[in-house]
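Have a look at the structure below, then the notes.
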Amino acid sequence: MNSLVKWCVGLLVLLSLLLNLALIVVYSRTKPPCAARSRHALRGEHDAKSRVFADLSQDEHAQVQKYMLRQKDLRISTRQGTRPDENFLFLIDLRVPRKAEVLTHLDAHGPAPRREATVVVYYGSEGHVKEYEVGPLPNPSYHRDVTRERYGGDLPLSARSVTIGEYILLFQFIEERVFSPLAALLWESFGVDHEHQLKPFEQMPRGSRADDRRTWMSFCRELSGLYIQPVGFEVLVNHRSPNASQWRVERVFYNGQYFDSVAALQGAYSARTVKKIVKTPWEDYGSLKPRTRPLQLGPQLVNPEGARYSVSHNHVLYMDWSFAFGLSAATGMRVFDVRFRHERILYELSVQEAMSVYGSVTPGLGMTKFLDSGFGIGRFAHELVRGVDCPYDATYVDTYRYIDAPGPTRTPNSICIFELNLGQPLRRHFADFFHNSYGGMSNSALVFRTITAIENYDYMWDFIFYQTGAVEAKIHATGYISASFLVQGGLKHGHQVAPNVLGNIHTHFIHFKADLDVAGVKNMFQTKDMEYRNISLPWAPHHYAMTPHLVERTLTTEKEAALRHGTKTPRYLHISSNQTNRWGHERSYRLQVYSFAGEHLPESQPEEKAMSWARYKVAVTKHKDSERSSSSVYSQNNMWSAPVDFSSFLQDNDDIHNQDLVAWVTAGFLHIPHAEDIPNTVTVGNGGGVLLRPHNYFDEDPSIHSPDSVYLEPGSEGSCESNRMACLSRDSCAPDPPPFSYSGFDGAMKFED
């Protein structure tokens, strides 16, 4: 009897398994993968002409490199460890053609502009930097020195970025000239041995006057987030000479005390005349390893009927939008020829610069002013982590660059593109009086994103395309704060955030370029605001009331249109056209800046000209091809004689009425670090940006024509006719995500030849 029961139970289990398997098969057939379910035809076609903006391919980079190496008279090296006194091919990047040539090609069936590259060579043997135009691509046959044409003079060698080759020599210098003589001090003060090492964190600018190259190196424990592990030991290294044998240590800082040399510190330490640092155990409080066991997977983004956008080469289509994109090694993310309903809204929207100014008692951070393009913003766009940096099923794009490397490099999955439901309705109304109905629309938008990790900070860059015709350029900051060792007087510059660690106050300023073409290239800059006026009431003339009035103004010169931080700025800023909408108002786009930036560096400071763009919340200039960028890769190390001074763009005070206009926008935030910045700064509340939104550009809200609209009336709640949500359970699909993979560490910076 027992065996019969067991046999029956086993048979039932087998039948149950077979039934479940059959149901799974049937379900999988009726629920195809989302990628195969797209029902919505694209509202445009991919345009091959967009490739005029495409970044250089790996092959194009390689062809330019080969061409330059064939020029034997230039005596160029591409070796990773090239010394500063040798000639080094540092950068190859796309030279974006002149705007007039591009528009002729895009709009008037003109020929494609000649494709060229910008090449930067550091001439260590001759003491200067040169820029070349090289072309035509893909098979270059000429090069032209454009240094003086672009910068009005020669570029000194001291303006160059620190290369891998120079870092290798600097680290060797520190080991031999600092660490070895001070081995006993390092052990007794910091516990340095074969297992516990200190690593340098460089501060900038490198000196206090033009042609300097003197860098304060702060030393930190080699633990997670070394930037929040300072030990109170810093050295000032003079490495101005291209010949490393002439480098020297000029000053030493130890526990709040200054010494003229390493030997002077060693002597005072041996004589017990210094206030010693008490060695403490190494605590890895900067680790980002999870401190609790993962439980269940969080919410994930799923496209129920497949992706509603398309990416082809460097061109994107989404609903009524189309645009071309790229990623400059120097300045980072950019889009071109941005169109809504086939009309160009923006010729260019791009990142220009990211700047921070620090305050501290300690020498390194006390003078630090970072200009990230000096490192290369796009250079540090590493592979994005699927499901964390971007939604798991986003479209990921590889990028190629040539900067401080022996050849072109590929960075997989360094751009992501995805459609996002922002979690709130774009618009809605529930009619409760007289006529009952509900009309609404979810707020879905396309996000174009990259994330750059430049030393301690990670910046998340987003360009967001809304169904209202609005475009947003946004930045969020995360990563590690830069910190200093807590010494007497340090709390004037921040808060203590860890044992003997001060989180230093600093600013974040971000600069965007928005070359708007609103209903054509002939535009105006207008402002709108409100004021209260005391008026007599028409129905009761003897009674008065304060009522809001619209105040409009057209600014006609560049100096008028340079709106400084700290001054009263009109709340509405518009790039307007001569065309009018149905109601007789100028078609325009509004610049809506959201920012809580700190104070800008006073103009009396000699370094300020390198970041003079940060004086202005918004500045509007006449488009000029000679004013392509507000900053320069050479400004970080040559602040006192900046090759690009944005304020000079305004000196000619050009007429900006009925002209091709460019809006330069500054956003940012003041960061006073606090305990919750340990271990990592979070993106929540740490960011800024600009929203470009239509203002009388259309006759009505264009999103009313979106297929995402939902409309309900009594009795129609279950109908799919005007409510796709009612059919979600029927039409949903089975996500078919690719396996998780990550190879981003392959592209991390390595200090070796």
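Residue numbers for the sequence shown follow the numbering used here, so the first one is -12 and each next one is one higher. Backbone N, C-alpha and C fix where the C-beta goes; we use that ideal spot for every residue, glycine too.
Asked, Found
"Spatial neighbours of L78 in its chain, beta-carbon cut-off 6 Å, leaving aside the 5 residues before and after", "V107, I390"
"Contacts around F367, its chain only, beta-carbon distance under 7 Å, and the 5 residues preceding and following it disregarded", "T439, A440, I441"
"S634, DSSP secondary structure in three states", "helix"
"CB contact below 8 Å: W308 versus chain B", "Here there is only one protein chain, and chain B is not present."
"P722 versus Y256, P378, R147, Y559, residue with shortest Cα-Cα distance", "P378"
"contact_flag[the region 585 to 598, the region 611 to 628] where n(CB pairs < 8 Å) is 3 or more", "yes"
"Helix, strand or coil at E120 [DSSP, three-state]", "strand"
"Close Cβ partners of H536 (< 7 Å) along its chain, the five nearest in sequence each way excluded", "M517, E518, R520"
"Candidates V322, K276, Q52, of which the one nearest D449 by Cα", "V322"
"Runs of beta strand (DSSP E) lying entirely within the region 419 to 466, each at least 3 residues, in chain order", "424 to 441, 444 to 453, 458 to 466"
"Where the beta strand (DSSP E) through S297 begins and ends", "296 to 299"
"Cβ neighbour criterion (16 or more within 10 Å) applied to A250", "exposed"
"Among I522, E539, G114, T541, nearest to M533 - alpha-carbon criterion", "I522"
"Rounded Cβ spacing between S401 and L371 (contact assumed at less than 8 Å)", "7 Å"
"T105 - partner residues in DSSP beta bridges", "D80, E120"
"Close-in-space but distant-in-sequence residues of the same chain around I11 (CB under 6 Å, 5 per side omitted)", "Caution applies to I11, whose pLDDT of 49 falls short of 50 and renders its modelled position unreliable; the value that the coordinates give is listed next. For I11, where only same-chain residues beyond five positions count, there are no Cβ hits under 6 Å."
"Sheet register partners of H92 (DSSP bridge)", "In the DSSP output, where bridge partners are listed per residue, H92 has none listed."
"Whole-number beta carbon distance between P486 and Q45, since they are thought to touch under 8 Å", "Not quite, the Cβ-Cβ distance comes to about 47 Å (not below 8 Å), so this is no contact."
"Close beta carbons around L352, own chain, < 7 Å, minus the five adjacent residues each side", "Q190, Y345, S469, S471, N491"
"Cutoff 7 Å; reference P701; Cβ partners in own chain excluding five residues on either side", "N423"
"Status (buried if at least 16 other CB within 10 Å, exposed otherwise) for W203", "buried"
"Ranges of the beta strand (DSSP E) found wholly within the region 176 to 223, counting only runs of at least 3", "185 to 189, 201 to 208"
"Within 8 Å, strictly: CB atoms of K509 and N565", "yes"
"Reference F75, options T105, G111, K53, A99, closest by Cα", "G111"
"Check whether S613 and Q339 have beta carbons under 8 Å apart", "no"
"Residues of its chain near S365, where Cβ-Cβ distance is below 6 Å and the 5 sequence neighbours each way are ignored", "It should be noted that the sequence gives Gly, not Ser, for residue 365. The residues are L314, S315, A316, G319."
"Sufficient close CB pairs (3 or more, under 8 Å) joining the region 273 to 287 to the region 301 to 311", "no"
"Nearest-angstrom Cα separation, counted from V116 out to A381", "41 Å"
"Under 8 Å between C-beta atoms of L336 and V458", "yes"
"Short Cβ contact (8 Å threshold) for A548 with F512", "yes"
"The ligand GTP heavy atom lying under 7 Å from the CB of G31", "You won't find the ligand GTP in this model; it holds no ligand whatsoever."
"Extent of the continuous beta strand (DSSP E) run through E539", "527 to 542"
"Where S232 falls: helix, strand or coil (DSSP)", "helix"
"Proximity of K186 and E153 at Cβ, strictly below 8 Å", "no"
"P528, buried or exposed, once every other Cβ within 10 Å from all chains shown has been counted against 16", "exposed"
"Reduced DSSP secondary structure (H/G/I, E/B, other) of P689", "helix"
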